[in-house]
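Shown next, in structure tokens, is the structure this report addresses.
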Amino acid sequence: MSVKDSVPSSVLPADVKCKVFKPPVWPQLVGPSIFLAGSIEMGKAIDWQSALAVELAHMPISILNPRRGDWDGSWEQDISNKQFKEQVDWEMDHLNRADVIALYFQPETMSPISLLELGMYASAVGIAGKKLVVCCPEGFWRRGNVQIVCHRYGLDLVETREELVQKVKQKLETALREQSRDMSRDHD
Numbered sequence: 003m004s005v006k007d008s009v010p011s012s013v014l015p016a017d018v019k020c021k022v023f024k025p026p027v028w029p030q031l032v033g034p035s036i037f038l039a040g041s042i043e044m045g046k047a048i049d050w051q052s053a054l055a056v057e058l059a060h061m062p063i064s065i066l067n068p069r070r071g072d073w074d075g076s077w078e079q080d081i082s083n084k085q086f087k088e089q090v091d092w093e094m095d096h097l098n099r100a101d102v103i104a105l106y107f108q109p110e111t112m113s114p115i116s117l118l119e120l121g122m123y124a125s126a127v128g129i130a131g132k133k134l135v136v137c138c139p140e141g142f143w144r145r146g147n148v149q150i151v152c153h154r155y156g157l158d159l160v161e162t163r164e165e166l167v168q169k170v171k172q173k174l175e176t177a178l179r180e181q182s183r184d185m186s187r188d189h190d
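Under the working numbering, the first residue of the sequence shown is numbered 3, with each subsequent residue one higher.
Okay, structure coming up:
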């Protein structure tokens with residue numbers, strides 16, 4: 003799936019180089035990868051994932067977007083539910099695989115799974131250093147907790163989605179440089 007499958011073509015830049023993957027597809031990753039974790043509450047959270055994918059479309063990377071097109075809110079959230087388990091397994095496996103994790107806490111959402119993911123990946127390290135880049139604007143109900151975790155673990159914490167885009171681009175550019183160095187060492 004390319005970024006064209008997840009956002010209107012009228013907003014795409016001409017130099018699309020990224021690949022966007024959504025569950026239940028288990029992709030072969032191309033280039034450094036980023037997982038788009040954070041607020042996803044249907045009916046409350048904006049589709050910030052697609053907007054971020056557009057901002058990153060010019061980079062030769064893999065974007066892992068958990069916002070499943072065929073999600074059904076009536077699925078029983080229990081390990082015995084095949085579709086639900088498939089979704090959670092996809093998210094956990096791809097959070098582990100990702101080189102960078104963008105984590106956005108949207109005000110007016112509760113985002114309990116995003117808070118869980120912050121705790122799970124606060125000490126995770128990838129090719130570009132600490133994996134997590136966290137955006138937690140004023141108004142998020144547990145902003146203080148997020149600030150303290152980010153401070154304690156030395157995570158990048160920003161206030162706006164625009165700042166999130168810039169920090170994520172910096173981390174991905176570092177990952178691209180490191181990957182290029184690794185590949186040139188392999189050919190020597």
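Ideal Cβ positions, reconstructed from N, Cα and C, are used throughout, including at glycine.
*Can the beta-carbon of residue 86 be found closer than 8 Å to that of residue 142?*
No, the Cβ-Cβ distance between residue 86 and residue 142 is not below 8 Å.
*Should the segment 131 to 140 be regarded as contacting the segment 76 to 96, the criterion being three or more beta carbon pairs within less than 8 Å?*
no
*Apply the 10 Å Cβ neighbour rule to residue 26 and answer buried if 16 or more other Cβ atoms are within range, or exposed otherwise.*
exposed
*Starting from the N-terminal side, write out each stretch of the alpha helix (DSSP H) that is 4 residues or longer and does not extend beyond the segment 49 to 118.*
50 to 58 and 84 to 99
_Taking its Cβ as the centre, do 16 or more other Cβ atoms sit within 10 Å of residue 22, making it buried, or is it exposed?_
buried
*Heavy atom of the ligand GTP within 7 Å of residue 180 beta-carbon*: For the ligand GTP, the structure offers nothing, since it holds no ligand at all.
*Could you confirm whether any beta carbon from chain D is found closer than 8 Å to the beta carbon of residue 111?*
Included in the structure is just one protein chain, with no chain D present.
_Neighbourhood of residue 157 by C-beta, 7 Å cutoff - its chain only, sequence neighbours within 5 removed_ = 124, 132, 134 and 136
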